[in-house]
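Its first residue numbered 0, the sequence shown is counted upward by one per residue in numbering that gives the first Met the number 0.
Here a beta-carbon is modelled for each residue, glycine too, at the ideal position from N, C-alpha and C.
Here's the structure, in structure tokens; my notes come after.
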Amino acid sequence: MPAWRTISLWMDQLDEPLTARPSLAQDLDVDVAIIGAGYTGLWTAYYLKQQAPSLNIAIIEAQTAGFGASGRNGGWLMGNLLGEDRLLAGLSPQQRRASFDLLHSIPDEVEIVLEREGIDCDYRKGGVLYCAARYPEQEASLRDYLKKLHAQGLTDDDYRWLSPEQLAQQLRIAKPYGAIFAPHVATIHPAKLVRALARTVERMGVKIYENSPVTHWQAGSLRTDKAGVRSRWIVPAIEGYSVTLPPLGRYQLPVQSLIVATEPLSAATWDAIGLSRGQAFSEFSRQVTYGQRSADNRLIFGARGGYQFAGKLRHNFDLTRDEVELRRYLFGELFPQLKNVQITHAWGGNLGMSRHFKPHMLCDRANGIALSGGYGGEGVGASNLGGRTLADLILERDTELTHQPWVLPDGGIHALRAWEPEPCRWLGYNAIIKSFVHEDQTLANPATAPWRRKLARQVAGFMEGFMH
Numbered sequence: 000m001p002a003w004r005t006i007s008l009w010m011d012q013l014d015e016p017l018t019a020r021p022s023l024a025q026d027l028d029v030d031v032a033i034i035g036a037g038y039t040g041l042w043t044a045y046y047l048k049q050q051a052p053s054l055n056i057a058i059i060e061a062q063t064a065g066f067g068a069s070g071r072n073g074g075w076l077m078g079n080l081l082g083e084d085r086l087l088a089g090l091s092p093q094q095r096r097a098s099f100d101l102l103h104s105i106p107d108e109v110e111i112v113l114e115r116e117g118i119d120c121d122y123r124k125g126g127v128l129y130c131a132a133r134y135p136e137q138e139a140s141l142r143d144y145l146k147k148l149h150a151q152g153l154t155d156d157d158y159r160w161l162s163p164e165q166l167a168q169q170l171r172i173a174k175p176y177g178a179i180f181a182p183h184v185a186t187i188h189p190a191k192l193v194r195a196l197a198r199t200v201e202r203m204g205v206k207i208y209e210n211s212p213v214t215h216w217q218a219g220s221l222r223t224d225k226a227g228v229r230s231r232w233i234v235p236a237i238e239g240y241s242v243t244l245p246p247l248g249r250y251q252l253p254v255q256s257l258i259v260a261t262e263p264l265s266a267a268t269w270d271a272i273g274l275s276r277g278q279a280f281s282e283f284s285r286q287v288t289y290g291q292r293s294a295d296n297r298l299i300f301g302a303r304g305g306y307q308f309a310g311k312l313r314h315n316f317d318l319t320r321d322e323v324e325l326r327r328y329l330f331g332e333l334f335p336q337l338k339n340v341q342i343t344h345a346w347g348g349n350l351g352m353s354r355h356f357k358p359h360m361l362c363d364r365a366n367g368i369a370l371s372g373g374y375g376g377e378g379v380g381a382s383n384l385g386g387r388t389l390a391d392l393i394l395e396r397d398t399e400l401t402h403q404p405w406v407l408p409d410g411g412i413h414a415l416r417a418w419e420p421e422p423c424r425w426l427g428y429n430a431i432i433k434s435f436v437h438e439d440q441t442l443a444n445p446a447t448a449p450w451r452r453k454l455a456r457q458v459a460g461f462m463e464g465f466m467h
């Protein structure tokens, strides 16, 4: 038996028993049928009901609300969208600034809803620290990243450089080379949010059916093993589980991210580390790390997980000792005093990745299909934007949300770019990840010769180019 619990810390901390709502037992006729009671489905239902209270909406969930990525993530509520720089590159400076402002306002919009609906999910808007923290090359990469951000019209109010001394006022790490601070990020307790959102939309009149996996869907209808639903609109809000509903799996693949949580740390330990305002933090490497200090004073720390051949879902999240120890090594490099700390929870989840790593929000009015996904690990905030956008598209509201470059108004699902067939995906993914691992191991060793360090960076950078 592992020394840690294999359930998501967030779900483990809920006061409520995870008793499933009744399953779908008889046929329904509704205005909007949403597949999936995660963030995207719940936010879509919330904004639809807010703007059109008479709509008859049903959510059909395969497990229980929040079972997927919504109850398993790292708790970063970001005012960002994956690949936003490429998505916004073709806009005028004024349009680009307006789109960035829209993205940056996501945490504030969520906070407004939390206050309106009386939802407590440990919301703290402390910003994020992207740290150059394990080897000197990270500083060069981070400064280059900041230069690109400012070239897009962003300013120090959005992203600003922190010297090691300035960083130490917020976060004290072993080998600081500097950091970028951005204020547009909050941290939350993900399971508290998703479970409260489910209760909120129920109060608004939305029906939620759990333990009801959808076995077939098409324009105008869906089926479970017990009953069918006819609906003007179908919203497949399943993100990383798209492979369960063909043909969505051609456009959105499940990849995994894996997370550990420590025991609650003492006040003295946190005084030495910092993060006193609920800041999120990351060390700037291709390991894709992310961390926060939970409201009950644990260190929550995650990193890139994996991809299974043929885009299979990972169902077993009993993390191996190697998976846990890699994350312990990474946070131990930042905080040596925590190298031997007790890890109480280790878990993971499936998230959705679209080709070219571009999130999408689309509305196929002819067939009555609305879809938002491809968040690539940034879905806590992006799903709120997606829910608002789908609501406006379905209700034919002409708003700022519906005119963004990630919104696809024509072509339906087939407007999305499909992933290459296997074994191309598997071979490509593994080659890319091997180059990332080699780069990280090379740069983390201070004895590595300069030419080897340079070569490792060049190879990893070249391989990363295939992801876009």
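Kindly identify the DSSP beta-bridge partner or partners of residue 177. Its beta-bridge partners are 131.
Using a 10 Å radius around the Cβ and a threshold of 16 neighbouring Cβ atoms, would you call residue 426 buried or exposed? Label assigned to residue 426: exposed.
Report the start-end ranges of each beta strand (DSSP E) in the segment 170-243 that is 3 residues or longer and not cut off at the edges. The qualifying runs are 177-181, 184-186, 206-208, 215-217, 220-222, 227-235.
DSSP three-state label for residue 31, please. DSSP places residue 31 in the strand class (E or B) of the three-state scheme.
With a cut-off of 8 Å, do at least 3 Cβ pairs link the segment 302-310 to the segment 253-262? The answer is yes - the segment 253-262 touches the segment 302-310, with three or more Cβ pairs under 8 Å.
Given a cut-off of 8 Å on the beta-carbon distance, is the pair residue 273 and residue 161 in contact? Not a contact, by the Cβ cut-off of 8 Å.
Can you tell me whether residue 461 is buried or exposed? The criterion is at least 16 other CB atoms within 10 Å of its CB, across all chains shown. By the 10 Å Cβ count, residue 461 comes out exposed.
Residue 18 to residue 201 span [Cα, whole Å]: Cα atoms of residue 18 and residue 201: separation of roughly 15 Å, rounded to the nearest angstrom.
When you compare the segment 23-37 with the segment 49-68, are there three or more beta-carbon pairs, one atom per stretch, that lie closer than 8 Å? Contact holds: three or more Cβ-Cβ distances are below 8 Å.
Going along the chain, which residues of its own chain have a beta-carbon closer than 8 Å to the beta-carbon of residue 138, five neighbours each way excluded? 131, 176, 177.
How should residue 93 be labelled, buried or exposed, when 16 other C-beta atoms within 10 angstroms of its C-beta is the threshold for buried? Of the residues assessed, residue 93 falls on the exposed side of the cut-off, its CB having fewer than 16 other CB atoms within 10 angstroms.
Taking DSSP as the reference, what is the three-state secondary structure of residue 340? DSSP, read as helix, strand or coil, puts residue 340 in coil.
How would you label residue 345, buried or exposed, when you count the other beta carbons within 10 angstroms and need 16 or more for buried? In the assembly as shown, residue 345 is a buried residue. Its beta-carbon has 16 or more other beta-carbons within 10 Å.
Assuming residue 125 and residue 277 make a contact with CB atoms under 8 Å, what is their CB distance in whole Å? About 4 Å separates the CB atoms of residue 125 and residue 277; that is less than 8 Å, so the two are in contact.
Under DSSP, the alpha helix (DSSP H) around residue 65 begins and ends at which residues? In this chain, residue 65 is not harboured by any alpha helix (DSSP H), its DSSP state being neither H nor E.
Could you check the C-alpha separation between residue 271 and residue 168 for me, to the nearest Å? In a straight line, the C-alpha of residue 271 is about 11 Å away from that of residue 168.
Is it true that the CB of residue 342 sits closer than 8 Å to the CB of residue 299? No, Cβ-Cβ distance for residue 299 and residue 342 is not below 8 Å.
CA-to-CA distance, residue 349 to residue 374, given in whole angstroms: Using only the alpha carbons, I get a separation of about 12 Å.
Beta strand (DSSP E) containing residue 292: first to last residue? The continuous beta strand (DSSP E) containing residue 292 extends over residues 289-292.
Would residue 81 and residue 358 be called neighbours here (beta carbons separated by less than 8 Å)? Result yes, Cβ atoms of residue 81 and residue 358 sit closer than 8 Å.
Quick one, which of 219, 381, 398 has its alpha-carbon nearest residue 32's? For the set 219, 381, 398, the Cα lying nearest the Cα of residue 32 is the one of 219.
Given 8 Å, three or more beta-carbon pairs between the segment 203-214 and the segment 96-112: At 8 Å Cβ cutoff, the stretches do not touch.
Integer-rounded CB distance, given that residue 114 should sit under 8 Å from residue 199: Rounded to whole angstroms, the Cβ separation of residue 199 and residue 114 is 12 Å, and the two are not in contact under 8 Å.
Buried or exposed (CB count within 10 angstroms, at least 16 for buried), residue 311: Around the beta-carbon of residue 311, fewer than 16 other beta-carbon atoms lie within 10 Å, marking it exposed.
Taking the beta strand (DSSP E) that residue 281 belongs to, which residues open and close that run? Unbroken beta strand (DSSP E) run through residue 281: 279-282.
Which residues in the same chain as residue 196 place their Cβ atom closer than 6 Å to its Cβ, once the five residues preceding and following it in sequence are excluded? Around residue 196: 41.
Taking only the alpha-carbon atoms, compute the straight-line gap between residue 413 and residue 361 and give it to the nearest angstrom. In a straight line, the C-alpha of residue 413 is about 10 Å away from that of residue 361.
Under a Cβ-count criterion, where at least 16 other Cβ atoms within 10 Å of its own Cβ denotes burial, should residue 395 be classed as buried or exposed? By the neighbour-count rule (16 or more Cβ atoms within 10 Å), residue 395 is not buried but exposed.
For the alpha helix (DSSP H) holding residue 385, just list the boundary residues, first then last. Unbroken alpha helix (DSSP H) run through residue 385: 378-393.
According to DSSP, residues forming a beta bridge with residue 345: Per DSSP, 259.
Per DSSP, residue 353 forms a beta bridge with which residues? In the DSSP secondary-structure assignment, residue 353 is bridged to 251.
If I'm right that residue 84 touches residue 146 with Cβ under 8 Å, what's the distance once you round it to whole angstroms? Going by Cβ atoms, the distance from residue 84 to residue 146 rounds to 12 Å, so no, they are not a contact pair.
Residue 20 to residue 45, Cα distance in whole Å? Roughly 18 Å separates the two Cα atoms.
Helix, strand or coil for residue 402, going by three-state DSSP, please let me know. Of the three classes helix, strand and coil, the one that applies to residue 402 here is helix, per DSSP.
Taking the alpha carbon of residue 226 as the reference point, which residue from 363, 66, 23 has its own alpha carbon closest? Considering only alpha carbons, the answer is 23.
In chain order, what are the residue ranges of uninterrupted alpha helix (DSSP H) at least 4 long that sit wholly in the segment 414-445? Annotation note: the segment 414-445 contains the following uninterrupted alpha helix (DSSP H) runs of length 4 or greater, listed N- to C-terminal: 423-443.
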